[in-house]
Each structure stands twice: as structure tokens, then as C-alpha cells.
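Under my numbering, the first residue of the sequence shown carries the number 2, and numbering increases by one thereafter. Don't be surprised by glycine CBs; every beta carbon is placed ideally from N, CA and C. I have placed the structure first, in the form of C-alpha cells, so that the comments after it can refer back to it.
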Amino acid sequence: MNEVVEKRARKIKEVIRRLKEIKEKGKESFLSDWMLQDAAIRNFEVGIECLIDIGNHIISEKKWETPESYREVVKILEKHGVIPPSFSPIAEKMISFRNILVHEYLYVDPGKVYENLSLIKDMEMFLKYLLDYI
2 MNEVVEKRAR KIKEVIRRLK EIKEKGKESF LSDWMLQDAA IRNFEVGIEC
52 LIDIGNHIIS EKKWETPESY REVVKILEKH GVIPPSFSPI AEKMISFRNI
102 LVHEYLYVDP GKVYENLSLI KDMEMFLKYL LDYI
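Structure follows, in C-alpha cells:
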């Protein structure tokens with residue numbers, strides 16, 4: 002595994018650990034603590050971005066078609082067997098959530114952020130698919 006992938010994989014694992022700790026605090030604590038909310042938001046942004054970076058790295062190394070968007074990264078990874086077709090909608094949901102956090106930050110609902118802590122297991126699975134391919 003090269004350094005680009007290794008650094009991002011380590012970061013994703015760190016993000017997952019942090020998000021699990023945040024989730025353990027419970028919904029009530031989460032909704033009443035802006036620092037937990039901000040920590041979750043930032044960790045989601047970084048973790049999902051790192052997953053996409055690894056996907057882009059695979060695509061670039063294999064000299065597959067160039068994705069025009071993060072959603073296209075998922076489609077290309079599926080097309081070439083990196084992720085199964087059944088996982089594509091889940092990966093696209095992660096990207097949609099990341100886009101909301103990054104581009105619609107004025108309207109982020111803390112309740113929705115807490116609900117999306119369910120994505121932790123999906124982030125773990127996405128990383129597994131990527132690393133298994135490499």
C-alpha cells in the first residue's frame with residue numbers, strides 16, 4: 002500500500018473511532034452539545050473525503066476514466082468491481098451527506114447529523130472494499 006492510501010486509511014480509522022465515541026454519548030448529549038456536533042460534522046467531512054481520495058487514487062493508478070464528480074467516483078468503482086452494485090447507493094448517500102455538510106452548512110440539522118452516525122459501519126465497509134481491492 003502506498004503512502005497516499007496508507008495516510009488516508011489511518012485517518013479514516015481515526016475518524017471512525019472518534020465518531021463511535023461521539024455516538025456513545027447518546028442523542029440527548031449530542032443535541033445539547035455544540036462541540037460534539039461540530040466534532041461529528043468535521044470528522045464526517047474528513048472521513049468521507051478520505052474515502053473518495055482513496056477511490057480517486059485507485060481510478061488514477063488504473064488509468065480508468067476521469068470522474069467529473071464524487072458520485073462518478075462511486076460509479077467508476079462499481080463498474081470496475083471495486084465496490085459491489087448493492088453498495089453504490091450507500092456510498093452515494095455518504096457523498097450526499099458530505100455535500101450537505103460542506104455546501105449547505107448554514108442549514109445543517111444536528112438531529113440529522115446524529116441520525117447519520119449510522120453511516121459509521123458503512124464507512125468501515127467502504128474502506129474495506131477499497132483496501133481489499135488494493
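Since N3 is in the alpha helix (DSSP H), which residue starts that stretch and which ends it? Residue mapping note: residue 3 aligns to position 2 of the sequence shown, counting from 1. Neither: N3 is in no alpha helix (DSSP H) and is coded neither H nor E.
Could you please give the first and the last residue of the uninterrupted alpha helix (DSSP H) stretch that includes R100? Here residue 100 corresponds to residue number 99 of the sequence shown, with the count starting at 1. The question names Arg, yet the displayed sequence has Asn at residue 100. From DSSP, the alpha helix (DSSP H) with N100 extends over S89 to H104.
Going by CA-CA distance only, name the one from I135, V6, S61 and R18 that's closest to N84. Working through the sequence shown from its first residue, we reach residue 84 at position 83. The question names Asn, but residue 84 in the sequence shown is Ile. Nearest C-alpha to I84: I135.
Using 8 Å for Cβ pairs, my map puts I91 next to D123. What's the rounded Cβ distance? Within the sequence shown, numbered from 1, the residue matching residue 91 stands at position 90. Within the sequence shown, numbered from 1, the residue matching residue 123 stands at position 122. Rounded, the Cβ-Cβ distance is 5 Å, consistent with contact.
For the alpha helix (DSSP H) containing W65, name the first residue and the last one. Taking the sequence shown and counting its residues from 1, the one referred to as residue 65 is at position 64. Where W65 is concerned, there is no enclosing alpha helix (DSSP H), given that its DSSP letter is neither H nor E.
Would L37 and F45 be called neighbours here (beta carbons separated by less than 8 Å)? In the sequence shown, counting from the first residue as 1, residue 37 sits at position 36. In the sequence shown, counting from the first residue as 1, residue 45 sits at position 44. The answer is no: Cβ separation not under 8 Å.
So the alpha helix (DSSP H) K26 belongs to, where does it begin and stop? Along the sequence shown, read from residue 1 onward, the residue named residue 26 stands at position 25. Unbroken run through K26: none, as it is neither H nor E.
Quick one: does I53 have its CB under 8 Å from some CB of chain B? Here there is only one protein chain, and chain B is not present.
For P85, which three-state DSSP category applies? Within the sequence shown, numbered from 1, the residue matching residue 85 stands at position 84. If DSSP states are grouped into helix, strand and coil, P85 belongs with coil.
Could you tell me whether the stretch 62 to 69 touches the stretch 96 to 105, using the rule of 3 or more Cβ pairs below 8 Å? no
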